[in-house]
């Protein structure tokens, strides 16, 4: 693999790649084109941000970085093109999103406060472990509905859930075999 041929880009700054990104996402998780386009166009420099990995002129990877609380960021919809899986592009994608998360946290770091990047998976636990993620309990303020909410709605939901779930126990694995994973970033 020639890493020099890849670019990690913010989709809202390179909207010419939206159609390819929709095709990539729908190859893994089919949804209507209008829904995908709406979600992809909601990307901003302030979270949520849609990120793509481009090789030459082709989108080979996608992920979305979201925020629910100051000390919690999430990465969702991580996908690489099926034709390039196992060639290192997933790792490049994860390194790029971690760098983006670190840049987001950098001006907000408080000594002694831990900052994490969370994700939810039922298919790629081994891959994420190789990228430095560990299995964890479900973080307060996150849930499977987050992909349908904008950042304002996510913040409100996170605050509400934090109040209601402070004393509830969390499990690491859900009924469908999916798990929460996290990686500490920007260690102080």
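Numbering (the UniProt record's numbering), first residue to last: 1 to 188.
Ideal placement from N, C-alpha and C gives every residue a C-beta, glycine not left out.
As the structure is a computational prediction, the values presented were derived from the model and not from experiment.
C-beta contact flag for residue i and residue j at 8 Å
i: residue 89; j: residue 49; result: no
i: residue 66; j: residue 21; result: no
i: residue 186; j: residue 120; result: no
i: residue 11; j: residue 17; result: yes
i: residue 75; j: residue 117; result: yes
i: residue 77; j: residue 85; result: no
i: residue 56; j: residue 87; result: no
Boundaries of the alpha helix (DSSP H) in which residue i is found, first to last residue
i: residue 127; result: 125-130
i: residue 41; result: 33-41
i: residue 23; result: 18-28
Inter-residue spacing [alpha-carbon to alpha-carbon] between residue i and residue j
i: residue 47; j: residue 15; result: 17 Å
i: residue 72; j: residue 124; result: 21 Å
i: residue 183; j: residue 19; result: 31 Å
i: residue 82; j: residue 113; result: 38 Å
i: residue 138; j: residue 180; result: 6 Å
i: residue 99; j: residue 8; result: 11 Å
i: residue 177; j: residue 44; result: 32 Å
i: residue 37; j: residue 27; result: 15 Å
i: residue 80; j: residue 23; result: 11 Å
i: residue 96; j: residue 29; result: 22 Å
i: residue 32; j: residue 140; result: 30 Å
i: residue 128; j: residue 92; result: 12 Å
i: residue 136; j: residue 103; result: 24 Å
i: residue 131; j: residue 101; result: 15 Å
i: residue 42; j: residue 58; result: 22 Å
i: residue 133; j: residue 62; result: 18 Å
i: residue 68; j: residue 35; result: 22 Å
i: residue 122; j: residue 94; result: 17 Å
i: residue 115; j: residue 54; result: 28 Å
i: residue 13; j: residue 126; result: 32 Å
Boundaries (first-last residue) of the beta strand (DSSP E) holding residue i
i: residue 74; result: 72-80
i: residue 49; result: 49-55
i: residue 91; result: Segment 89-105 is the alpha helix (DSSP H) holding residue 91; no beta strand (DSSP E) there.
i: residue 9; result: 6-10
According to DSSP, residues forming a beta bridge with residue i
i: residue 180; result: 120 and 136
i: residue 115; result: 185
i: residue 64; result: 50 and 76
i: residue 59; result: 54
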